[in-house]
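Read the structure below first, then the notes.
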Amino acid sequence: MKTIALSWRYLWSHPLSATLNVLLLSLGLASITFLLLVSAQLSAAFEKDLAGIDAVVGAKGSPMQLILCGVFQIDTPTGNIPLKAVADLRKHPLVQSVIPISLGDNLRGFRIVGTSTDYLRHYHATLADGREWDAPMQVVLGSAVARKLGLQIGMTFAGSHGLGGGGHVHGDSLYTVVGILSPGGTVLDRLILTDTASVWKVHEDYTAVNAEDRQALEATREVTLALVQYRTPLAAMSFPRYINTSTAMQAAAPALEISRLLSMLGIGVDVLRAFAFVLLLSAGLGVFIALWNAVRERRADIAVFRMLGAPPSRIVALLLGEALWLGIVSSVLGVLAAQGLTLLIAKMLQLDNSLLIAGPAWPPELLWIPLLSCGVAVGAAALPSLGAYRVSVLELLQSR
Amino acid sequence: MIQSRQLSYSYPGQTPLRFPDLQAPQGALILLSGPSGCGKSSWLAMVAALMPPGSGTLCVAGEELTQLRGATCDAWRARTIGFLPQKLHLSAALRVQENLAMAQWAAGQPEDTARILVTLEQLGVADLAKRYPRQLSGGQAQRVALARAVLLQPKVILADEPTASLDDAAAGASVKLLLDTASASGATLVIATHDSRIASLISRSTRASDCISLQLA
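In structure tokens form, the structure reads like this:
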């Protein structure tokens, strides 16, 4: 009989204690895997959305709110900025490109974003179907939006006011779907994109009482914020200061704000991680106790194997094999449980709409889990194995 | 074959145990007896190469045991010694057939199911191959344990108190089984016991003439 198969048999010869140990170890591993998955997915999502955006310019307020709103489309805007200010930004010598973002309406919780087609270029978005907009009131849907809302090319809809569901429905101004993006794993997946002019049109149609009023409104057109790309990295030194001191707007650097955010989250993650390690440690102790008892209970068996001519190394291999099985089974269960938990939490918090945490993911860091698991199990088995090495054969065989 | 001369063993802080010289040819029957504490266990442990002889010489099945060390001891024991423990010690987690397979595993040999079934057949317990030890009667369990001891065709069979806690009829059957099994394979049989019934059982058997009595004091 092969040692590996034999250690499997021995592991399950005490089904209850084996099951409890597997559960204990899986639980510890699941918590660590869960933390690992969430932080890996969050930072991957952040990284993708941040790529190439050097500054976000918007109304004065919290810089982090501006970033969360402008780049990740998860917070509310700080206010609006005049269209003229955006035009001035474009002319600034340190600025390479400017993407305007206008917010204000939504369709069943998905933001309708007025912007330029540069926004699509920026994230290298490709169309799965249809074409880009070439006139106001035409929209291109992010892949998640199209999937969740079941919208197709040619369909029309009216947006509602505000960024969450349940606002006033702009019933007179209908958007027409002209294109659907392929999934890119970026913020675009969950947006409804249209021309900046659409947002103006909807609100001017809604608020203007007559032609004169409309003209007045047109003169004060605004956007919500602008995503800025610098011409040179040196701009990071002077550009934000220039905006913050000599205009009525503020400039926020995404890299700075996100590292601030992550360091704030980091404390929480560290606490959770400490808990997970305590859990894992107690699981390791559980495995240790189980194997220690297994060796004690099985001292006679071990003595017989020695009597039958098994060298101590083969006995130790048997016990370590048992620990390895425990580690392997637990890491498989632990990882599956963590993936399930991530999925569940993503669904419960509706984070899958924001795509920050979506479905099962397999980041390469996950490879540490089986290593950790087997490490804990084998570590716990080391001392009992030593005991097996020292078993006094004949004494045991004759003991009553 | 077991030969010993001037064999002794001393545990720290105790008077050394001295063993009578022995000259037993291959296939002999040796009755090892004496009161408890006389060194039966030590003698068995030395013959099974579980511990090295203290002083003197001990030669078992052509191997000078004073020379053997470490893993060579284990390999030699696997090839040469079949052991029938008093408590049988069948592994409760494994079926009868797997218990026998353990002997092959312990010796580092590939599993040979045919050989296991033949051995069980020879001991009349082939139909119990799929049972667990707890499903066996005392006599059946002893047959299975003996099957495990002789599976690898050892040159020496060591039986430790094979009749303890058996009634007269069962003790008779047990001794007959041991004698027959050893004779069939030509193995040297050592029975370690303080049970006086065994001596009388042997004296009434066909092996009475070639029985060597090793009396320890």
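Chains as they are written, first to last, in the working numbering: chain A, 1333 to 1732; chain B, 17 to 233.
For each residue, glycine too, the CB sits at the ideal point set by N, CA and C.
Assigned secondary structure, residue i (DSSP; H/G/I helix, E/B strand, else coil)
i: A/Ser1514; result: coil
i: B/Phe99; result: strand
i: B/Gly50; result: coil
i: B/Gln156; result: helix
i: B/Ala108; result: coil
i: A/Leu1404; result: Residue identity check: residue 1404 of chain A is Phe in the sequence provided, not Leu. A/Phe1404: coil per DSSP, three-state reduction.
i: A/Arg1732; result: For A/Arg1732, the predicted structure reports a pLDDT of 48, less than 50, and the residue's modelled location is therefore unreliable. A value from the coordinates is still provided. Here A/Arg1732 sits in coil by DSSP.
i: A/Thr1458; result: coil
i: A/Phe1366; result: helix
i: A/Glu1464; result: coil
Between the CA atoms of residue j and residue i - distance to the nearest angstrom
i: B/Pro42; j: B/Ile18; result: One detail in the question is off: residue 42 of chain B reads as Gln in this sequence, not Pro. Distance between the alpha carbons of B/Gln42 and B/Ile18 is about 7 Å.
i: A/Leu1673; j: A/Ala1635; result: 45 Å
i: A/Leu1369; j: A/Pro1425; result: 42 Å
i: B/Leu47; j: A/Leu1650; result: 36 Å
i: A/Leu1398; j: A/Gln1561; result: 16 Å
i: A/Gly1441; j: A/Gln1470; result: 19 Å
i: A/Asp1420; j: A/Val1430; result: 10 Å
Cβ-Cβ distance between residue i and residue j below 7 Å
i: B/Leu81; j: B/Leu74; result: yes
i: A/Arg1605; j: A/Leu1359; result: no
i: A/Ile1621; j: A/Val1667; result: no
i: A/Met1639; j: A/Val1725; result: yes
i: A/Pro1716; j: A/Val1627; result: yes
i: B/Ser20; j: B/Ser71; result: no
i: A/Ile1444; j: A/Gly1402; result: no
i: A/Val1354; j: A/Ser1614; result: no
i: A/Ala1490; j: A/His1500; result: no
i: A/Gly1641; j: B/Asp90; result: yes
i: A/Ile1733; j: A/Leu1473; result: This structure gives no information on residue 1733 of chain A, because the portion of chain A shown stretches from 1333 to 1732.
i: B/Ala122; j: B/Trp92; result: no
i: B/Leu116; j: B/Leu167; result: yes
i: A/Gly1446; j: A/Ser1530; result: yes
i: B/Ser58; j: B/Leu38; result: no
i: B/Gly50; j: B/Leu205; result: no
Proximity test, Cβ basis, 7 Å: residue i and chain B
i: A/Leu1651; result: no
i: A/Ser1345; result: yes
i: A/Gln1405; result: no
i: A/Leu1611; result: no
i: A/Leu1640; result: yes
i: A/Gln1730; result: yes
i: A/Val1725; result: yes
i: A/Val1627; result: no
i: A/Asp1633; result: yes
i: A/Tyr1721; result: no
Own chain residues within Cβ distance below 7 Å of residue i, not counting five before or after
i: A/Pro1572; result: Ala1387, Ala1583 and Ala1585
i: A/Tyr1455; result: Gly1516, Thr1518 and Leu1520
CB contact below 7 Å: residue i versus chain A
i: B/Asp90; result: yes
i: B/Arg21; result: no
i: B/Phe35; result: no
i: B/His210; result: no
i: B/Arg220; result: no
i: B/Arg93; result: yes
Other residues of its chain near residue i: CB distance less than 8 Å, five sequence neighbours each side excluded
i: B/Ala161; result: Leu100, Pro101, Leu104, His105 and Leu106
i: B/Gln113; result: Thr129, Ile132, Leu133, Leu136, Ala145 and Lys146
i: A/Arg1553; result: Pro1414, Leu1415 and Trp1532
i: A/Tyr1721; result: Pro1644, Ile1647 and Val1648
i: A/Val1619; result: Asn1353, Leu1356, Leu1357, Ala1655, Leu1658, Val1708, Ala1709, Ala1712 and Ala1713
Nonlocal neighbours in the same chain, by C-beta distance under 6 Å from residue i, ignoring five residues either side
i: A/Trp1344; result: Ala1350
i: A/Tyr1342; result: Glu1654
i: B/Arg213; result: Ala187
Residue i beta carbon near the ligand ADP (any heavy atom closer than 6 Å)
i: A/Arg1422; result: You won't find the ligand ADP in this model; it holds no ligand whatsoever.
Under 9 Å from the C-beta of residue i: neighbouring residues of chain D
i: A/Leu1718; result: The question asks about chain D, but that chain is absent: this structure's protein chains are A and B.
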